[in-house]
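When you line the sequence shown up against the UniProt record's numbering, it's residues 1 to 122, in that order.
Here is the structure we will look at.
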Amino acid sequence: MVKALDKPASKKELKRLEGKKMTMSSSLSSFVTSKTRSFFQKLDADEGFLAKDTALWEEDARKRALGLRVVNDAAERGTALVQRYLGSTKSAAQEKYLLQLVHHHRKLVGREKKEDLRKKAF
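Here it is as structure tokens:
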């Protein structure tokens, strides 16, 4: 399939699939051309997965999906943090200082997991 990325595309700009009939015996590489490479480049996606066995694609996709952070979870934690600590301040200046302190601390710590921080502490 990777070799097919160098195959020149047809001159005709197709709006829909025509010509070749798709059958269950058609391989995926028969639909790959140099325009496919252009597609991956526009999406800033790595085309390296095409060189892997297709049986491994599902497992790789699962690993990638499980590695994604849930945005809502992070937002909820941030909201809870603000509600917890900002309620204990007495002035706007203290709130501003507290938010700056948290921002600075996050830069220092980064996005490490709780387990990693515990290992460093002990």
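In this text, a Cβ means the ideal position worked out from N, Cα and C, and glycines have one as well.
Reference residue i; option with closest CA among the options
i, options, result
"Q41", "K114, H104 and L5", "L5"
"F9", "M24, L101 and T33", "Phe is not the amino acid found at residue 9; the sequence shown has Ala there. Among M24, L101 and T33, the Cα nearest to that of A9 is on T33."
"A74", "K113, T36 and W57", "K113"
"T54", "S91, S27, Y97 and Q100", "S27"
"S30", "K7, A93 and L108", "K7"
"R37", "G110, L66 and K3", "K3"
Residue i, buried or exposed, once every other Cβ within 10 Å from all chains shown has been counted against 16
i, result
"L50", "buried"
Residues near residue i in its chain [Cβ-Cβ closer than 7 Å; skip 5 each side]
i, result
"A45", "none"
Other residues of its chain near residue i: CB distance less than 6 Å, five sequence neighbours each side excluded
i, result
"E47", "F40"
Whole-Å CB distance - residue i paired with residue j, under 8 Å assumed
i, j, result
"L86", "E76", "Going by Cβ atoms, the distance from L86 to E76 rounds to 16 Å, so no, they are not a contact pair."
Beta-carbon proximity list for residue i, same chain, < 8 Å, skipping 5 on both sides
i, result
"L117", "V109"
message: Could you check whether the region 57-67 touches the region 78-88, counting it as contact only if at least three pairs of C-beta atoms, one from each stretch, sit closer than 8 Å?
response: Contact between the region 57-67 and the region 78-88 is absent, because fewer than three Cβ pairs lie under 8 Å.
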